[in-house]
C-alpha cells in the first residue's frame, strides 16, 4: 500500500509539472511576451494613427451600354459592360481593418438591370496588413455572351494597397491600380435593330417620311440588316477584318491612385485621387470603306485634391485633344473648345451602293454630292465630357470637405433619326464610353494629420531602463472579455487534474470468498 501511494504522489507531481508547463509556458498570453513592434489592428478598423482620409479613383478603358436609359426609370442602361477597370480606394473609417486600402485591377465588370454580379479573373490587394510589393499578373478576358460585346487582346494588371498600423494612411501612395490591354474591339452588332433585311410593314410613316416604301426598298438592297448597320459592321468582304463599331488596335492602359500630398497653405496633408489614361488611337467602323479615325493627340488626366477646406481643394483636368478624320480627310477636332461632333449615317435609295454612306463619304470613297438622294437613318455622336464636379461640406464621419469629378475621353452614341420609325425604338441604340474616369477625395479640416498619435492617457509609463512598456492584450473582438474567465477555468481544471492524479484509484469490490491475490488484475468489465 505505501508503494501505491508513493506512485500516486509521483503521478500527481508529473501531472502538475506538465499542466504548469502547458498553462504558464506554451500557452502564455500575447500580452505577457515581448512587446510587439506596433499596436495590432482591431476588427473595427482602429489603428494607432489619428490620421483620417477618404478617397477613391477609378478608370475604365471602355464601358459599353446597351439601350441607355431603358431601365430604372430611364436613368440606367438595360445592361452595361466595363472592360479594363482599375480602381483604388482609401478609407480610414472602414469597419474592417483590411478595408482601409483596396486596389483592384479587373478585366471586366457588368451591370444587368441594376445588378452587379462579380466576374472572376481580377487582381485585388487590401491593407491592413501593409504590402511592400504590388500583386501583378495576367487578367482573364471576358468569355461567353460578354465576348459578343467586346473582343479584347492580352490583359495585364497591377494592384498595390498600403496602410501602416502606426501611421495609418501616411504612407504616400495609399492605393494604386492599373490595367493594360493590347487591343479592343466592341459591338459587331446592334441588338436593338432588326436582324432581317425586309422591313415591310414595320416602318411607320412620319412627318419627315410620309411614305416609308422608298426606305424599305433601300434597306432591302443593303449588304446586311440594320443590326449590322447595313454591312458596316461586317468588315471587309473576304478580308481579315471582322468589323466593329469601335476598335482600339493599339495598346492602351488605365491607372488609378489615391495618395497623400503636401498642399500649400495647409497644415496637414491633402488627399489626392488621380485617374489617368493612355490610348494610341480609336477606329470607328473599322474594316469598312467608311472607317473613321480618332487620333488621341493628348490623353486626359483627372485629379481631385481635398484639403478639408473648399477654398484650397481643387479639381484639375487635362482635357483630351482628339483629331477625327475619314479617308485621309480631317473632319474636325474635339477639345475643350468643341466637345461634340455629329456624323450622319445615310442610305442611298435608287443606287447600286450596298452600304450606307457615313459623313460626307460614299461607299466607293468619293465625296457625297448635293444632287444625290439620301435618307438619314442614324447619327454617330462623338462627345468628350468633363469634368463634372460635385462637392459637399462634411459633418460626418469627420468635419471637413469632399470633392469629386467624372470625365470621359470619348463618348460615342448611335442615335436613330425620326425617319427610322420602328416600334419601341429607344432614343439611343447603344453607347460606348472610352476612358471613363472618376475621382473623389475627402479630408478633415486642416488636412490629414500625419504626426504620431499620442499614447492613451491610461497607458502605463515607460520603464526606467528606457524599454517600451508591455502593451495590454489587444481587444480584437467581444470574445476578449472572456479572457479572465478562461484563465479561471484553466486554474480549476489544473486543480482537478492534480486531485485526480493524487488520489489512488479505487479497485472494484472483491468477490466474496476469493483471496485478494487471486482477483483479476485487468480492467473491470
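Residue numbers (the numbering used here): 617 to 1141. In this text, a Cβ means the ideal position worked out from N, Cα and C, and glycines have one as well.
Is residue 797 buried or exposed, if buried means 16 or more other CB atoms sit within 10 Å of its CB?
It counts as buried.
Measure the Cβ-Cβ separation of residue 872 and residue 1051 and say whether it is below 9 Å.
No, they are not a contact pair.
Based on DSSP bridge pairs, tell me the residues matched to residue 789.
875, per the DSSP bridge assignment.
Would residue 899 and residue 865 be called neighbours here (beta carbons separated by less than 9 Å)?
Yes, the pair counts as a contact, with Cβ atoms nearer than the cut-off.
In chain order, what residues of the same chain lie with their CB nearer than 6 Å to the CB of residue 671, ignoring the 5 residues before and after it?
So the qualifying residues of the chain are 706, 874, 887, 889, 1057.
Using beta-carbon positions only, say whether residue 770 and residue 742 come within less than 9 Å of one another.
No, the pair does not count as a contact, with Cβ atoms beyond the cut-off.
Taking DSSP as the reference, what is the three-state secondary structure of residue 954?
Correct three-state label for residue 954: coil.
With DSSP as the reference, please indicate the residues paired to residue 1017 in a beta bridge.
According to DSSP, which records beta bridges pairwise, residue 1017 is partnered with 1009, 1059.
Give every residue of the same chain whose Cβ lies closer than 6 Å to the Cβ of residue 700, excluding the five residues on either side of it in the sequence, and list them in chain order.
Excluding sequence neighbours, residue 700 sits near 677, 795, 797, 870.
Determine the extent of the alpha helix (DSSP H) in which residue 831 is found, giving its start and end residues.
Run containing residue 831: 829–836, per the alpha helix (DSSP H) assignment.
Please go through the same chain and pick out, in chain order, the residues whose beta-carbon is closer than 8 Å to the beta-carbon of residue 1098, but skip the five residues on each side of it.
Residue placement at residue 1098 is flagged as unreliable, the pLDDT there being 31, under the threshold of 50; the coordinate-derived value follows with that caveat. Within the same chain, residue 1098 has no close Cβ partners at all.
Using the C-alpha atoms, what's the distance from residue 792 back to residue 901?
Cα to Cα, residue 901 sits roughly 34 Å from residue 792.
With contact counted as at least three CB pairs below 8 Å, one residue from each stretch, are the stretch 771–778 and the stretch 747–755 in contact?
Flag = yes, the stretch 771–778 and the stretch 747–755 touch.
May I ask you to report which of helix, strand or coil DSSP gives residue 861?
Strand, per DSSP.
In the DSSP assignment, find the beta strand (DSSP E) that holds residue 911 and state where it starts and stops.
First-last of the beta strand (DSSP E) with residue 911: 908–914.
When the Cα atoms are used, what is the spatial distance from residue 811 to residue 987?
If you take the alpha carbons of residue 811 and residue 987, they lie about 31 Å apart.
So the candidates are 1028, 714, 1060, 912; which of them puts its Cα closest to the Cα of residue 1046?
Nearest option by C-alpha distance: 1028.
Taking 9 Å as the threshold (C-beta atoms), are residue 1038 and residue 996 in contact?
No; because the gap between Cβ atoms is not below 9 Å, this pair is not in contact.
To which residues of the same chain is residue 913 closer than 6 Å at the C-beta, ignoring the five residues directly before and after it?
Once the five neighbours on either side are set aside, the close Cβ partners of residue 913 are 937, 939.
With DSSP as the reference, please indicate the residues paired to residue 1022 in a beta bridge.
According to DSSP, which records beta bridges pairwise, residue 1022 is partnered with 1004, 1054.
How far does the beta strand (DSSP E) with residue 767 in it reach, from first residue to last?
766–768 is the extent of the beta strand (DSSP E) around residue 767.
Rounded to whole angstroms, what is the Cα-Cα separation between residue 1048 and residue 799?
Cα-Cα distance, rounded: 16 Å.
What separation, rounded to the nearest whole angstrom, lies between the Cα atoms of residue 1002 and residue 814?
Taking the straight line from one Cα to the other gives about 42 Å.
Does residue 997 come out as helix, strand or coil in the three-state DSSP assignment?
Looking at residue 997 - three-state DSSP - the assignment turns out to be strand.
Is it buried or exposed, residue 781, if we count other Cβ atoms within 10 angstroms and call 16 or more buried?
Under this definition residue 781 is a buried residue.
From the DSSP output, in three-state form, read off residue 701 for me.
DSSP places residue 701 in strand when its eight states are reduced to three.
Is it the case that the CB of residue 990 approaches a heavy atom of the ligand MN more closely than 8 Å?
This structure simply doesn't include the ligand MN, nor any ligand for that matter.
Run the CB neighbour count on residue 712, radius 10 Å, all protein chains shown included, and call it buried at 16 or more, exposed below.
Classification of residue 712: exposed, given that the 10 Å Cβ count is below 16.
What residues are listed by DSSP as bridge partners for residue 755?
771.
Does the stretch 1009–1026 come close enough to the stretch 911–926 that 3 or more CB-CB pairs lie under 8 Å?
The stretch 911–926 vs the stretch 1009–1026: in contact.
Below 8 Å on the Cβ atoms is my contact criterion, and I expect residue 801 with residue 863 to pass it. Report the Cβ-Cβ distance as a whole number of Å.
Indeed they touch by this definition, with Cβ atoms about 4 Å apart.
Taking the CB atoms as reference points, tell me whether residue 930 and residue 673 lie closer together than 9 Å.
Result no, Cβ atoms of residue 930 and residue 673 do not sit closer than 9 Å.
Assign residue 907 to buried or exposed, taking buried as 16 or more other Cβ atoms, counted over all protein chains shown, within 10 Å of its Cβ.
So residue 907 ends up on the buried side.
Just the Cα atoms here: how many angstroms apart are residue 806 and residue 845?
The straight-line gap from Cα to Cα measures roughly 8 Å.
May I ask which residues mark the beginning and end of the beta strand (DSSP E) holding residue 743?
Per DSSP, residue 743 belongs to the beta strand (DSSP E) from 739–743.
Put residue 842 into one of helix, strand or coil per three-state DSSP.
In this structure, residue 842 counts as helix in the three-state DSSP scheme.
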